[in-house]
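Chains as they are written, first to last, in my numbering: chain A, 371 to 484; chain B, 62 to 178. Even glycine gets a Cβ: it sits at the ideal position worked out from N, Cα and C.
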Amino acid sequence: DQQVKQNSPSLSVQEGRISILNCDYTNSMFDYFLWYKKYPAEGPTFLISISSIKDKNEDGRFTVFLNKSAKHLSLHIVPSQPGDSAVYFCAASSSGGGADGLTFGKGTHLIIQP
Amino acid sequence: GAVVSQHPSRVICKSGTSVKIECRSLDFQATTMFWYRQFPKKSLMLMATSNEGSKATYEQGVEKDKFLINHASLTLSTLTVTSAHPEDSSFYICSARVLAGGISGQYFGPGTRLTVT
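Shown next, in the form of C-alpha cells:
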C-alpha cells in the first residue's frame, strides 16, 4: 500500500516556466513533508520541507504548498532551469520533524527543456 | 551542510557471499542512521533504523538475519548483506539523522550499487 503517491512518473517543462510537482498521501498521521532531488546513482539531496501546521513554505525558487484536507502537497519551481532536471521525491514523516524514517513516493522525473 | 559518505560506491559479488557497506557521518555525530533500498524506477524503501550502541529496528518484511546492521560508533553504521542472492541487487542508501541547533532532518549518503551475480 503506497502511503505517499506521486502519480506523474515524468514531467516536461520549458526553461523559464513554472514546474509543479504533485504528491498525495493517505496516512493522516504524517505531520512533516519533505522534497528531495536525486540524480542517478546518487543519494537524495534535501530541497525544502513543510510542517503540517503550515500551508506554505518558500525558499528561493522553491515553494511547497500543503493542503491537509486534501492530503495533497505540491512543489513549485519558478523559474525552471536546466539544472533542475532530476528525479524529485516527496517524502513524509509521522514524527521527529523529518528526522525519523521517511516514507517516500516513487518520484517524478522532471525534464527542463531549453 | 552535513556530509554523509558511503563505501563502496559500487560492488559486485558472487551469489552466496557477504558484502559490507559502510555509512559515515563526516563532520557530525549521528546517534541514529537509516538504511534505505531503492529498486529501479521505484521509491526508496526504509529498511531499518540504526541506533548507536543498541540493536537496529527493522521495518516489516526486512530480514534482520540477512541484513546485519552494526552502529558501533557515533559516526559509523555498517550494513552487511549476508549470503547475497541476485534479488538483493539494488541501490542501498544510508542517511544520518540531524537534530541540533534547531535543525531536524536527514542527510543522505551517495548510495552503494550492489550487483550480485
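Query raised in the report: How would you label Gly77 of chain B, buried or exposed, when you count the other beta carbons within 10 angstroms and need 16 or more for buried?
Result: exposed
Report task. Check whether the Cβ of Leu160 of chain B sits closer than 7 Å to any heavy atom of the ligand ADP, and report yes or no. Result -> The model on display carries no ligand, and the ligand ADP is accordingly not part of it.
Query raised in the report: Any idea what DSSP makes of Asp429 of chain A, helix, strand or coil?
Result: strand
Report task. State the CB to CB distance for the pair Ile418 of chain A and Arg431 of chain A, rounded to an integer number of angstroms; the pair is presumed to be in contact (CB under 8 Å). Result -> The pair is not a contact, with the Cβ atoms about 10 Å apart (cut-off 8 Å).
Query raised in the report: Apart from the five residues on each side of it in sequence, which residues of its chain come closer than 7 Å, Cβ to Cβ, to Phe100 of chain B?
Result: Ser151
Report task. Please name the residues in the segment 462–482 of chain A whose beta-carbon is closer than 8 Å to at least one beta-carbon of chain B, in chain order. Result -> Gly466, Gly467, Gly468, Ala469, Asp470, Gly471, Leu472, Thr473, Phe474, Gly475, Lys476 and Gly477
Query raised in the report: If you draw a straight line from the alpha carbon of Asn112 of chain B to that of Thr139 of chain B, how long is it in whole angstroms?
Result: 11 Å
Report task. In the DSSP assignment, find the unbroken beta strand (DSSP E) run with Asn112 of chain B in it and report its ends. Result -> Leu105 to Asn112
Query raised in the report: Ordered along the chain, which non-local residues of its own chain (more than five positions away) have a Cβ less than 7 Å from that of Ala456 of chain A?
Result: Lys407, Lys408, Tyr409 and Leu480
Query raised in the report: Looking at the C-beta of Glu428 of chain A, does it have a partner C-beta in chain B at a distance below 8 Å?
Result: no
Query raised in the report: Along chain A, which residues have their Cβ under 7 Å away from the Cβ of Val159 of chain B?
Result: Ala469
Query raised in the report: For Cys155 of chain B, which of A:Ser444, A:Leu472, A:Cys393 and A:Ile420 has the nearest alpha-carbon?
Result: A:Leu472
Query raised in the report: Looking at C-alpha atoms only, which residue of B:Ser66, B:Ala157, B:Lys103 and B:Lys81 is the closest neighbour of Val177 of chain B?
Result: B:Lys81
Query raised in the report: In this structure, does DSSP put Gly166 of chain B in helix, strand or coil?
Result: strand
Query raised in the report: Between the segment 413–429 of chain A and the segment 390–399 of chain A, are three or more C-beta pairs nearer than 8 Å?
Result: no
Query raised in the report: In chain B, what lies closer than 9 Å to Phe416 of chain A by C-beta?
Result: Gly62, Gly166, Gln167, Tyr168 and Phe169
Query raised in the report: What are the start and end residues of the beta strand (DSSP E) that includes Ser138 of chain B?
Result: Leu137 to Val142
Query raised in the report: Taking Cβ-Cβ distances shorter than 8 Å, what residues in chain B pair up with Ser419 of chain A?
Result: Gly166
Query - Close-in-space but distant-in-sequence residues of the same chain around Ile388 of chain A (CB under 8 Å, 5 per side omitted) - result: His446, Ile447, Val448, Pro449 and Ser450
**Report entry** Paired residues, beta bridge with Asp394 of chain A - DSSP
**Finding:** A:Lys375 and A:His442
**Report entry** Residues, ordered as in the chain, of the segment 73–104 of chain B that lie near chain A by beta-carbon distance below 9 Å
**Finding:** Thr93, Phe95, Tyr97, Gln99, Lys102, Lys103 and Ser104
Query - Buried or exposed (CB count within 10 angstroms, at least 16 for buried), Pro147 of chain B - result: exposed
**Report entry** Members of the segment 107–119 of chain B that neighbour chain A once the beta carbon cut-off is set at 7 Å
**Finding:** Leu107 and Thr110
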